[in-house]
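Participant: In order, the protein sequence lines correspond to chains Z and W.
FYI, our numbering numbers position 197 of the first sequence as 207, with every residue one higher than the one before it.
FYI, our numbering numbers position 219 of the second sequence as 229, with every residue one higher than the one before it.
Provided herewith is a single structure, encoded as structure tokens, for subsequent inquiry.
Number of protein chains: 2
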Amino acid sequence: MPRYLIRKLEQVALLSPEDRRLIEELAHRRTFRLAAGEELAAEGDRPAAPRLFLEGWACRSKSFADGRRQIVGLLLPGDFFDLNLDLLQAMDHSVAAVTPVLLAEIRRDALEGLAERRPALARALAWDTLVQASIQREWTLNVGRRTALERVAHLLCEIFRRLEAVGLTEGAACELPLNQTELADATGLSVVHVNRVLRRLRIAGLLRLRGRQMELPDLPALNRLALFSPGYLHLARPKPEASIR
Amino acid sequence: MPRYLIRKLEQVALLSPEDRRLIEELAHRRTFRLAAGEELAAEGDRPAAPRLFLEGWACRSKSFADGRRQIVGLLLPGDFFDLNLDLLQAMDHSVAAVTPVLLAEIRRDALEGLAERRPALARALAWDTLVQASIQREWTLNVGRRTALERVAHLLCEIFRRLEAVGLTEGAACELPLNQTELADATGLSVVHVNRVLRRLRIAGLLRLRGRQMELPDLPALNRLALFSPGYLHLARPKPEASIR
DNA sequence: ACTCTTTCTTAACCTACGTTAGACGCTCGG
DNA sequence: CCGAGCGTCTAACGTAGGTTAAGAAAGAGT
Chain Z
11 MPRYLIRKLE QVALLSPEDR RLIEELAHRR TFRLAAGEEL AAEGDRPAAP
61 RLFLEGWACR SKSFADGRRQ IVGLLLPGDF FDLNLDLLQA MDHSVAAVTP
111 VLLAEIRRDA LEGLAERRPA LARALAWDTL VQASIQREWT LNVGRRTALE
161 RVAHLLCEIF RRLEAVGLTE GAACELPLNQ TELADATGLS VVHVNRVLRR
211 LRIAGLLRLR GRQMELPDLP ALNRLALFSP GYLHLARPKP EASIR
Chain W
11 MPRYLIRKLE QVALLSPEDR RLIEELAHRR TFRLAAGEEL AAEGDRPAAP
61 RLFLEGWACR SKSFADGRRQ IVGLLLPGDF FDLNLDLLQA MDHSVAAVTP
111 VLLAEIRRDA LEGLAERRPA LARALAWDTL VQASIQREWT LNVGRRTALE
161 RVAHLLCEIF RRLEAVGLTE GAACELPLNQ TELADATGLS VVHVNRVLRR
211 LRIAGLLRLR GRQMELPDLP ALNRLALFSP GYLHLARPKP EASIR
């Protein structure tokens, strides 16, 4: 069931069969389904138990009273939300399902003493948390210093690479269940401008969209345009041709 | 020596004298000094041992080959850099001293088994990591959705509140060793525009600058202008009058 | 087949911010 | 005391991206 998580962790850690069994066990206890659009947690809520995304996309977002909204992160299959977040008093952001979602609740006690019992697994989970932090820094850079074109392109490159890491790409194609409003909120742009940028990418032959699927026919060119250097994802086996450095 | 860290942690956790002794011990082993402007780590470097900032300011930044640069975070006295970062292969960002800095190297083995030996302390350290992540999300929101005026104001509010948490404010005043270039890089703006915004804040009576000190004569008004709600800092005792929610 | 609703798309216009340029004042080394 | 170098400040102008508005497409439910 938690095959995406396992696939991701195995890119950077050697998991024993016992580790894999433990992950399965972690993830099997209690699973939930959410419909697209449903909120998992709202700003101000008391954080609940950590959860693992088994299927589907969600996003973290923060918003102002006047309606401005920023998506501050994407949660893809195999991602945790949030391993330790329940130490905090109140959520500082919301989490909402973008597509129908399947998730597993992780019981806190299952993680106790993990560092001693299964050090490789504990390290892999710590690695995942660090990567989430690194992605967050890249997003700050993205909205802070990239142009609109670079920004959207970068988001697409990141999504593709992250899905690739969990085996959810097919050739140059993958899912893209975000609508243009959501792309705008993730990049700090207006919907209209996102539309303009997508058109330019399409005309340049760098992007094809049909329904909720996207295809990136010339990934190296898109990576270059986006100033995408995949190092920040800290994956062990980056595709050499996907790198600009 | 690590009094700022202790002060910060005691806002949210009950530390036993033994915990405090342990922190002192952690921090005393090896200390370093860096001059203003020196780099602690560069993008691509292999991460070193975790460090604790005892005195002085530093910043994390990422940049492009064409010179664009984004400061993605500030490291203030009492902050860690980075508790677990040495699990990663390569730094995804740089860290540079903004002022002369005093820091302590934390030996990894000192943290082993901490969860069992000193659970309250281990939780306090995990809390600190989570707060860093929360701040990073707020920065993404800041550069993504706030106007230039709000952005700069928000940065000032955050700096003030974080310094207050470690006891480094005096009345309405605190240090601000960042020059306008650095403020621009932290907010995703140009230097010229930061200057314009600072002028507006000064004229509005919300900011007074002399040398490397700033004074915020009307903090509630500045908080409102900045859309600053201190919840994301997850401090236990927020000043009620400093909140807008 | 219909509406209802959401999403996408484009055009016309506007503004918040960036860019370029230069003046002015520190401070620090010689 | 001088200049070099850096940081601050301001003005003039340019542009990337926002806003408003409205039509076209695409689903979703009946």
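Even for Gly, the Cβ is constructed at its ideal location relative to N, Cα and C.
(1) Under a CB-based cut-off of 7 Å, is Tyr14 of chain W close to chain Z?
(2) Is it right to say Ala163 of chain W is buried, meaning 16 or more other beta carbons lie within 10 angstroms of its own, or is it exposed?
(3) According to DSSP, is Gly83 of chain W helix, strand or coil?
(4) Kindly indicate if chain W contains any beta-carbon less than 7 Å away from that of Gly154 of chain Z.
(5) Going by DSSP, which residues form a beta bridge with Phe74 of chain Z?
(6) Any chance you could list the alpha helix (DSSP H) runs of at least 4 consecutive residues sitting entirely within the stretch 100-161 of chain Z, in chain order?
(7) By how many angstroms is the C-alpha of Ile16 of chain W removed from the C-alpha of Val176 of chain W?
(8) Over what stretch of residues does the beta strand (DSSP E) that includes Asn183 of chain W continue unbroken?
(9) Against Arg133 of chain Z, what residues of chain W qualify as contacts under a CB-to-CB distance less than 7 Å, listed in chain order?
(10) Going straight from the alpha carbon of Leu243 of chain Z to that of Gly215 of chain W, what length do you get?
(11) Is the shortest distance between the beta-carbon of Ala136 of chain Z and the beta-carbons of chain W less than 7 Å?
(12) With a threshold of 8 Å, are at least 3 pairs of Cβ atoms found where one atom belongs to the stretch 70-85 of chain Z and the other to the stretch 130-143 of chain W?
(13) Which residue comes first and which comes last in the alpha helix (DSSP H) that contains Thr41 of chain Z?
(14) Does the CB of Gly77 of chain W have a neighbour CB from chain Z at under 7 Å?
(15) With DSSP collapsed to three states, give me the class of Arg61 of chain Z.
(16) Taking only beta-carbon atoms, is Trp149 of chain Z less than 7 Å away from chain W?
(17) How long is the line joining the alpha carbons of Thr109 of chain W and Leu24 of chain Z, rounded to whole angstroms?
(18) Confirm, please, whether the CB-CB distance from Thr150 of chain W to Trp149 of chain Z is below 7 Å.
(19) Mapping DSSP to helix, strand and coil, what is Glu49 of chain W?
(20) Taking the C-alpha atoms as reference points, what is the distance between Met11 of chain W and Glu35 of chain W?
(21) Taking C-beta to C-beta, are Leu121 of chain Z and Arg61 of chain Z nearer than 7 Å?
(22) Kindly indicate if chain W contains any beta-carbon less than 7 Å away from that of Lys18 of chain Z.
(23) Can you say whether Asp29 of chain W is buried or exposed, counting buried as having 16 or more other CB atoms within 10 angstroms of its CB?
(24) Please confirm whether Ser253 of chain W has its beta-carbon closer than 7 Å to some beta-carbon of chain Z.
(25) Arg56 of chain W by DSSP, collapsed to three states: which one?
(26) What are the residues of the stretch 153-182 of chain W that lie near chain Z, defined by any Cβ-Cβ distance shorter than 7 Å?
(27) Let me know if Arg172 of chain Z comes out buried or exposed under the rule of 16 or more other beta-carbons within 10 Å of its beta-carbon.
Facilitator: Per the coordinate set shown:
(1) Translated into positions along the second sequence, residue 14 of chain W becomes position 4. Not one chain Z Cβ lies under 7 Å of Tyr14 of chain W.
(2) Translated into the one-based positions of the second sequence, residue 163 of chain W becomes position 153. So Ala163 of chain W ends up on the buried side.
(3) Position 73 of the second sequence, counting from 1, holds the residue named residue 83 of chain W. Looking at Gly83 of chain W - three-state DSSP - the assignment turns out to be strand.
(4) Translated into positions along the first sequence, residue 154 of chain Z becomes position 144. So, interface residue.
(5) Position 64 of the first sequence, counted from the start, is the residue given in the question as residue 74 of chain Z. BP columns for Phe74 of chain Z are empty, so no partner.
(6) 118-121, 124-127 and 129-155
(7) For this step, residue 176 of chain W is matched to residue 166 along the second sequence. For this step, residue 16 of chain W is matched to residue 6 along the second sequence. Answer to the nearest angstrom: the Cα atoms are 8 Å apart.
(8) Looking up residue 183 of chain W in the second sequence gives position 173. Looking at the sequence itself, residue 183 of chain W is Ala, so the reference to Asn does not match. Unbroken beta strand (DSSP E) run through Ala183 of chain W: Ala183 to Glu185.
(9) On the first sequence, position 123 is the one that residue 133 of chain Z refers to. Residues of chain W passing the Cβ test: Leu97.
(10) Counting from 1 along the first sequence, the entry for residue 243 of chain Z is found at position 233. Counting from 1 along the second sequence, the entry for residue 215 of chain W is found at position 205. Taking the straight line from one Cα to the other gives about 44 Å.
(11) In the first sequence, counting from the first residue as 1, residue 136 of chain Z sits at position 126. For Ala136 of chain Z, the answer is yes, since a Cβ of chain W falls inside 7 Å of its Cβ.
(12) no
(13) Numbered from 1 along the first sequence, position 31 holds the residue referred to as residue 41 of chain Z. Here Thr41 of chain Z belongs to no alpha helix (DSSP H); instead the beta strand (DSSP E) covers Arg40 to Leu44.
(14) Working through the second sequence from its first residue, we reach residue 77 of chain W at position 67. Not one chain Z Cβ lies under 7 Å of Gly77 of chain W.
(15) What you label residue 61 of chain Z is simply residue 51 of the first sequence in a count that begins at 1. Three-state result, Arg61 of chain Z: strand.
(16) Along the first sequence, read from residue 1 onward, the residue named residue 149 of chain Z stands at position 139. With 7 Å as the cut-off, Trp149 of chain Z counts as an interface residue toward chain W.
(17) Taking the second sequence and counting its residues from 1, one reaches residue 109 of chain W at position 99. Taking the first sequence and counting its residues from 1, one reaches residue 24 of chain Z at position 14. Cα-Cα distance, rounded: 42 Å.
(18) On the first sequence, residue 149 of chain Z is found 139 positions in, with the first residue counted as 1. On the second sequence, residue 150 of chain W is found 140 positions in, with the first residue counted as 1. It is a contact, given that the beta carbons lie within the stated cut-off.
(19) Counted from its first residue, the second sequence places residue 49 of chain W at position 39. Strand.
(20) Walking along the second sequence from the start, residue 11 of chain W turns up at place 1. Walking along the second sequence from the start, residue 35 of chain W turns up at place 25. Each residue's Cα considered, the two are about 10 Å apart.
(21) As a position in the first sequence, residue 121 of chain Z is number 111, starting the count at 1. As a position in the first sequence, residue 61 of chain Z is number 51, starting the count at 1. Going by C-beta atoms, Leu121 of chain Z is not nearer than 7 Å to Arg61 of chain Z.
(22) If you number the first sequence from 1, residue 18 of chain Z lands on position 8. False, the Cβ-Cβ gap to chain W never drops below 7 Å.
(23) For the purposes of this step, residue 29 of chain W is identified with residue 19 of the second sequence, where counting begins at 1. That one is buried.
(24) Start at 1 with the first residue of the second sequence, and residue 253 of chain W comes out as number 243. Because Ser253 of chain W carries a pLDDT of 43, less than 50, the predicted location of this residue cannot be relied on, and no value is offered for it.
(25) Stepping through the second sequence from its first residue, residue 56 of chain W is reached at position 46. Residue state, collapsed to three classes: coil.
(26) Val153, Gly154 and Arg155
(27) Position 162 of the first sequence, counted from the first residue, corresponds to residue 172 of chain Z. Buried, by the Cβ-count rule.
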